[in-house]
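Numbering (the working numbering), first residue to last: 1324 to 1633. All C-beta atoms in this analysis are idealised placements derived from N, C-alpha and C, irrespective of residue type, glycine included. Quick notes on the structure that follows.
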Amino acid sequence: MSAHLSLLKSEIGVIVGQAKIIALLAGVMLGLLLLLGTLLYTGTWLFLGEWLFGSIGWGLLHGALATLGIIAALAFVLIGNSPRVPAMALALAAIVGALLSLLFATNLLRNVFVAVADALQAALRLDAAALNGLHVTLLSMAAVMGVLGLLAGLRAGIVGAVGGLLAGAIIGALFGYALGGDSLASAYPMLAGALAGLIVIGTLGLLVGGKAGGARGALTGLALGGILGVILGAIFGAVTFDLRGAVAVGVTLGLLAWLAFQAALAAREGIDPMKRFGKLVPSETMAAADETRSWLGQEWKRQRSKLTKR
């Protein structure tokens, strides 16, 4: 008997040793497969960015935004929204991306801002030679962004307003310095674009903020929308797009729109996590148990009343 037990222990030791080797090799294989999947997924985005748009940076940006969009889609489905939400959002985002790509490829905004700048230059009749070297874009952006920062910080009181003024002025100065525009002629298209963005997007922010938070919300919406409008307008006034750059920017904005549309459509449909997580609770069994307990209680009372009468 002891010989059989010794043989069994010996075989079990061999089996355990082989199981460890199998588990180790299987774990290494699984890890390499996961690494291969990561390399293929990441490498595909980087390759597409370099191949289509001339820079792996675009591939990294588009891959990150697309992955965030997929995560958001799965999250909304997880919390109970229908799969129509991410699908419809993707369709709308594709339309937005295509239209923006076409708009940027034609350089329509840049041409409009240049035309407006020419008209302003003729109407204002400023001495361009006297303003050379003052870095008009830097000063203008610092002033405008400072005022908008002040408006954005008013809700936090004097300290918030002063902080917003300083932060806005610094950010505006850095942004204006990055744009360039040392001469008045080169600064005019950027300033015209910034003015147009301030009016259009600032007005939208004013309306949305006013609807959501009254007068204070309107002021904050105007400030934040104005900041966004100034930045976008100045960029579009400064940049002339080629076809690849236009499509790359359009795809980027389309992917951002996919995230925004998903949130908007999910909120419109109604976010109810209990549609999904409510199924984790055995509600029917609990209801049946409550009914049974109620029936047993009634039966006990009835039987006890009979015994009492006897």
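The residues 1552, in chain order, have a CB closer than 7 Å to that of residue 1523 in the same chain once the five nearest residues on each side in sequence are set aside. Taking a C-beta distance under 8 Å as the contact criterion, residue 1487 and residue 1497 do not qualify as a contact pair. Contact annotation: residue 1459 and residue 1510 have beta-carbon atoms nearer than 8 Å. Here residue 1385 carries a helix assignment [DSSP, helix/strand/coil]. Membership of residue 1409 in the alpha helix (DSSP H) is indicated by the continuous run 1407-1428. Excluding its 5 nearest sequence neighbours in each direction, residue 1389 has C-beta neighbours in its own chain below 8 Å: 1368 and 1578, listed in chain order. The criterion of a C-beta distance shorter than 8 Å is satisfied by residue 1520 and residue 1555. In the three-state reduction of the DSSP assignment, residue 1402 falls in the coil class. With a cut-off of 8 Å on Cβ pairs, the region 1351-1370 is in contact with the region 1378-1386, counting three or more such pairs. Membership of residue 1593 in any alpha helix (DSSP H) is not indicated, and neither H nor E is assigned to it by DSSP. Per DSSP, the continuous alpha helix (DSSP H) segment holding residue 1467 begins and ends at 1459-1476. In this structure, residue 1495 sits near residue 1467, with a CB-CB distance shorter than 8 Å. Contact between residue 1573 and residue 1424 is confirmed by a C-beta separation of about 3 Å, below the 8 Å threshold. The criterion of a C-beta distance shorter than 8 Å is satisfied by residue 1581 and residue 1392. Just so you know, the alpha carbons of residue 1415 and residue 1608 end up roughly 43 Å apart.
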